[in-house]
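Line order of the protein sequences matches chains A and B. For the first sequence, position 118 matches number 933 in my numbering, and the numbering has no gaps at all. For the second sequence, position 36 matches number 57 in my numbering, and the numbering has no gaps at all. Beta carbons are placed, not taken as given, at the ideal position from N, Cα and C, and that holds for glycine.
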Amino acid sequence: MNTQTKNGYMLLFIGTDWHKGLSPEEMQKVSEQWMAWFKRLTEQGKVVAGHPLERDGKTVSGKNGRVVADGPFAESKESIGGYFLLDVATMDEAVVIARQCPGLAYGAKVEVRAVRAECPLSSEAEAQLAEATA
Amino acid sequence: MNEKNEYLLLFRGKEWWSSLSPEELRKTMDQVKGWFDRLTESGKLKAAQPLAREGATVSGKTGHVVADGPFAESKEVIGGYVLVQVNSLDEAVVVAKSCPTLRFGMEVEVRPVAEECPSMVKARQILAEALLATAAA
């Protein structure tokens, strides 16, 4: 199924250790390819925002956010290295763009997610209301 | 390092809202709305969007592996993001801690937005060090 959304798609780049084993020259080359890719997509009007993320950060959890942990870890297979926000109409189109990611060749993964029109809480409230009045 | 002082808050967790009673749901919606209103008024909120649960994961050398997922039931799945502009990581953590849905088991990842790809920065550092070492030899 190819669901349409006017809200666009988010690409999450997973894996911050892709450069391991590469020479600094190769690392620079892949980073440059990545930037050129971003520039091309911007010119085509297909990407509306995007940022790399610093490797450090914090994780907040627990009631009232009382658990604050360091992390995610500096360089790992699972941590998110950056994101793009795409202005494309279909999941297929978003996947086509994701497949062009220069990091894929070095083991990075791309998560493709549709942006929702509204908060899931409002949708749930509407669903409950519909059920109650049915 | 982070000149624009932007921080990305990623919200992870299961679909906890589907188990709430209508009263609890209404109360939580009001709290979330109040939280967003306060963030907006304070000028800290730059962007925020919820994500649909379905999606795809692309991997493999040429992106030839396309899998469904992440799965809605996963505790790790990202349900949405908030982009804030504050003065420090500590301040971004304070914003994350004030999120009213943490009590349902959500987790918030707080990440500084980078001006430049950290791999690029690292490559330049290694090259500069190598150059210095050559010059010293």
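- Residue ranges of uninterrupted alpha helix (DSSP H) with 4 or more members, entirely inside the region 57-120 of chain B and ordered along the chain, are 110-118.
- Against chain B, the CB of A/Leu868 has a partner CB under 8 Å away; the residue lies at that interface.
- One thing to note: A/Gly860 has its Cβ no nearer than 8 Å to the Cβ of A/Tyr898.
- For A/Leu936, the residues of chain B that pass the 8 Å Cβ criterion are Trp38, Leu46, Thr49, Met50 and Val53, in the order they occur in the chain.
- Taking the CA atoms as reference points, A/Leu868 sits about 30 Å from A/Ser937.
- Straight through space, the alpha carbons of A/Ser876 and B/Trp37 are spaced by roughly 14 Å.
- Any Cβ of chain B closer than 8 Å to the Cβ of A/Ser891 would place that residue at the interface, and such an atom is absent.
- Taking a Cβ-Cβ threshold of 8 Å, the residues of chain A close to B/Thr83 are Arg914, Leu919 and Ala920, in chain order.
- For A/Leu919, the CB contacts under 8 Å within the same chain, skipping 5 residues up- and downstream, are Val925 in chain order.
- By the neighbour-count criterion, in which a residue is buried when 16 or more other Cβ atoms sit within 10 angstroms of its Cβ, A/Asp832 is buried.
- The C-beta of A/Trp852 comes no closer than 8 Å to any C-beta of chain B.
- Per DSSP, A/Phe853 is not a residue of any beta strand (DSSP E); the alpha helix (DSSP H) it occupies stretches across Pro839 to Glu858.
- The Cβ neighbour count for B/Leu29, taken over all protein chains shown within 10 Å, is at least 16; the residue is labelled buried.
- Distance from the Cα of B/Arg33 is smallest, within the candidate group B/Pro71, B/Ala144 and B/Arg59, for B/Pro71.
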